[in-house]
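In this note's numbering, the protein residues as written are 358 to 859. The C-beta atom is built at its ideal place from N, Cα and C for all residues, glycine as well. Source: prediction; values computed, not measured. See structure below.
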C-alpha cells in the first residue's frame with residue numbers, strides 16, 4: 358500500500374482504504390503502528406488518530422461507527438477551515454444547476470454517450486495499432502540466435518500488448534448496453550411526446566447514427582481482434598518453445614542451475630505461502646488464509662478417516678491449490694512453505710538437534726505437485742482458454758513414505774531479520790526469508806504484475822485415491838530457524854523436477 362505525503366494526495370477512496378487497513382489489524386504490530394502514526398500525521402483533524410479509536414462522547418471505537426463516520430468528520434473539519442480535504446474534491450461545492458427540461462436532459466445524455474464512445478474507440482484503435490505493430494516487429498526478427506533475455510522480452514511485450522488490447526476491447530464493449538438503452542429511451546420519449554416533436558425526431562436520428570456507427574465498429578473490432586489474437590498466440594507458442602530450448606542449451610534450465618527464491622518472514626510460521634524463483638508470489642493474505650483452510654480441511658478429513666478405519670489402505674490425496682503462471686516467459690519454478698504445525702504436532706521434538714544432525718523424520722502428510730488439465734470452458738485469459746494448471750496436493754501417508762523428510766537448519770544472514778535455507782543436491786534452491794516492508798512508500802512493487810493467476814483453494818477439497826503410488830515423489834524439507842528468531846519450523850517443498858521440460 359502506497360503511503361502519501363499529505364491528505365490532499367489521497368483520493369477519498371484511497372483514504373477509506375487506509376482506514377480500513379488500520380481497522381483490519383492483519384499486519385505486524387510494527388507496520389500497524391506505522392499506519393496509525395501516518396494517519397495521525399496527515400489527517401489534519403485536532404483529534405488525529407483518536408478519531409479511529411476514541412470518538413467524542415462515546416466509549417466505542419471509531420470502527421463501531423464505520424468508515425463514513427471518520428470520513429465525515431475529516432471532511433467536515435477541513436471544509437470549516439475553508440479547504441478541500443481530498444485529492445480531486447471540489448471546494449466549495451459547485452452550485453446545483455437549474456433543472457433541465459426532458460428534451461434538454463436527453464440531449465445532454467446523448468452528447469455524453471457520443472463523447473464517451475468516441476474516446477473509448479480512440480483508445481481501442483491505439484491499443485490495436487500497438488498490438489499489430491508488436492506482432493509485425495516480432496515476425497520480422499530473426500530468432501535463430503536470439504538470447505534467452507531477448508526471448509523473455511519478446512514474450513512479455515507480446516503478452517502486455519495482448520492484455521492491453523483485450524482491456525480496450527472490453528471497455529469499448531461496455532458501451533453497448535448504454536447505447537441500446539439510450540436508443541430505446543429516446544424512441545419511447547419521441548413516441549409519447551406531446552410537444553417538441555421535431556426536436557425529439559432529431560434526437561432519434563442522432564442516437565440512431567451513434568448506434569449504427571458503434572455496432573459497425575463493434576463487429577469490425579471483434580473480427581480484427583480475433584485475427585490479431587490468433588497471430589499473437591502462434592508467435593507466443595513458438596517463442597515459448599524456443600525459450601525452453603535456449604535455456605537448456607545455455608545450461609540455465611530449471612533443473613540445470615542453482616535458483617533463488619524470496620519470501621517474507623512476516624507470518625511465515627503462521628500462514629502457508631507460494632515460493633517462486635526470482636521474486637515473491639505476492640499472494641493476498643486472504644489467499645493464504647484460503648490455502649490454510651484447505652490444508653486444515655484435508656488434514657482433518659484424512660485424520661478422521663484413518664481413525665475411523667474408513668480408508669482401504671490409508672493412502673489418499675487432496676488438491677489444496679491450483680494456479681496458472683501469468684507469463685509464458687516465467688521459469689515456472691515454484692515451491693510451497695507451510696507452518697509445520699499444520700501437518701503434525703511439532704511440540705516435544707528437539708528440532709535444533711535434528712537439524713544439526715541433518716536427520717530424517719517421518720510425517721503422515723506430505724505435499725507434492727502435478728500439472729493437470731483445467732475444466733473445459735471455465736477459465737479464459739482474454740480469448741485464450743486456460744487448459745493447463747499447476748496443482749498442489751496434500752497426501753495422507755500413514756507410516757510415512759520412504760525416504761523420510763530431511764530436517765535442515767536455516768542460517769541467520771548478515772542482514773538482521775533475514776534467514777536462508779539451501780536445499781540438497783548439485784543444483785540447489787536457496788530460499789531467503791527477509792523482514793520485508795509490507796507498506797511501500799512508493800509504487801514500485803505495485804507496478805510489478807502478479808505472476809500467478811486463477812489462484813484457488815477449495816475450502817473442502819475432495820479426497821482422491823492415489824493412482825500411481827510407486828511413482829509418487831517428494832522434494833521436501835523441515836526447515837528449522839535459530840532459536841532466537843522465535844520462528845517455528847516450516848515444511849518446505851519444491852515442484853517435482855520431473856514436470857520440467859528436458
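So residue i is in the beta strand (DSSP E); what residue range does that whole segment cover?
i, result
"residue 724", "722-730"
"residue 621", "616-621"
"residue 752", "745-753"
"residue 628", "Per DSSP, residue 628 belongs to no beta strand (DSSP E) and is neither H nor E."
"residue 848", "847-851"
"residue 791", "786-791"
"residue 765", "762-766"
"residue 835", "833-837"
"residue 820", "820-822"
"residue 842", "Where residue 842 is concerned, there is no enclosing beta strand (DSSP E), given that its DSSP letter is neither H nor E."
"residue 777", "776-779"
Are there 16 or more other CB atoms within 10 angstroms of the CB of residue i, so buried, or fewer, so exposed?
i, result
"residue 636", "exposed"
"residue 419", "Residue confidence for residue 419 is low, a pLDDT of 42 falling below 50, so the modelled location carries little weight; the figure read from the coordinates is stated next. By the neighbour-count rule (16 or more Cβ atoms within 10 Å), residue 419 is buried."
"residue 516", "buried"
"residue 780", "buried"
"residue 641", "exposed"
"residue 849", "buried"
"residue 661", "exposed"
"residue 734", "exposed"
"residue 552", "exposed"
"residue 465", "exposed"
"residue 509", "buried"
"residue 699", "buried"
"residue 669", "Legend: pLDDT at residue 669 = 47, less than 50; position of this residue unreliable, value from coordinates given subsequently. Exposed, since its Cβ has fewer than 16 Cβ neighbours within 10 Å."
"residue 601", "buried"
"residue 806", "exposed"
Compute every distance between the C-beta of residue i and the non-hydrogen atoms of the ligand ATP, then say whether any falls below 8 Å.
i, result
"residue 579", "You won't find the ligand ATP in this model; it holds no ligand whatsoever."
In angstroms, rounded to a whole number, what distance separates the CA positions of residue i and residue j?
i, j, result
"residue 682", "residue 562", "49 Å"
"residue 607", "residue 853", "22 Å"
"residue 370", "residue 423", "14 Å"
"residue 556", "residue 455", "21 Å"
"residue 506", "residue 513", "11 Å"
"residue 395", "residue 643", "24 Å"
"residue 367", "residue 425", "16 Å"
"residue 650", "residue 789", "25 Å"
"residue 778", "residue 787", "6 Å"
"residue 397", "residue 840", "37 Å"
"residue 492", "residue 399", "47 Å"
"residue 436", "residue 449", "8 Å"
"residue 390", "residue 405", "14 Å"
"residue 432", "residue 713", "59 Å"
"residue 774", "residue 625", "12 Å"
"residue 753", "residue 769", "33 Å"
"residue 379", "residue 820", "39 Å"
"residue 613", "residue 401", "57 Å"
"residue 587", "residue 522", "13 Å"
"residue 434", "residue 441", "10 Å"
"residue 564", "residue 583", "28 Å"
"residue 531", "residue 376", "32 Å"
"residue 653", "residue 751", "10 Å"
"residue 738", "residue 477", "21 Å"
"residue 715", "residue 729", "34 Å"
"residue 529", "residue 742", "21 Å"
"residue 577", "residue 541", "24 Å"
"residue 832", "residue 591", "35 Å"
"residue 785", "residue 429", "56 Å"
"residue 457", "residue 407", "45 Å"
"residue 504", "residue 511", "11 Å"
Just to confirm the assignment, what range does the alpha helix (DSSP H) spanning residue i have?
i, result
"residue 476", "459-496"
"residue 434", "424-437"
"residue 814", "First-last for residue 814: undefined, no H or E at that position."
"residue 664", "642-665"
"residue 391", "386-399"
"residue 371", "369-381"
"residue 407", "407-410"
"residue 772", "That residue, residue 772, is in no alpha helix (DSSP H); it is neither H nor E in DSSP."
"residue 711", "708-713"
Exercise. Flag this pair as touching only if the segment 522-536 and the segment 562-576 have three or more C-beta atom pairs under 8 Å; answer yes or no.
Key: yes
Quiz item: What are the uninterrupted segments assigned as alpha helix (DSSP H) that are 4 or more residues long and contained completely in the segment 520-599, given in chain order?
Solution: 532-549
Quiz item: Any contact of the segment 623-634 with the segment 694-713, i.e. 3+ C-beta pairs under 8 Å?
Solution: Between the segment 623-634 and the segment 694-713, the count of C-beta pairs closer than 8 Å reaches three or more; the two stretches touch.
Practice problem: Could I get the ranges of all uninterrupted beta strand (DSSP E) runs contained in the segment 667-698, with 3 residues as the minimum, in chain order? | Solution: 673-682 and 691-696
Exercise. Would you check if there are 3 or more beta carbon pairs closer than 8 Å linking the segment 472-487 to the segment 542-558?
Key: Fewer than three beta-carbon pairs drawn from the segment 472-487 and the segment 542-558 are found closer than 8 Å, and the two stretches are therefore not classed as touching.
Exercise. Kindly confirm or deny that the segment 831-850 and the segment 702-709 touch, where touching means at least three C-beta pairs closer than 8 Å.
Key: yes
Exercise. Examine the Cβ distances between the segment 740-747 and the segment 706-724 and report whether three or more of them are shorter than 8 Å.
Key: no
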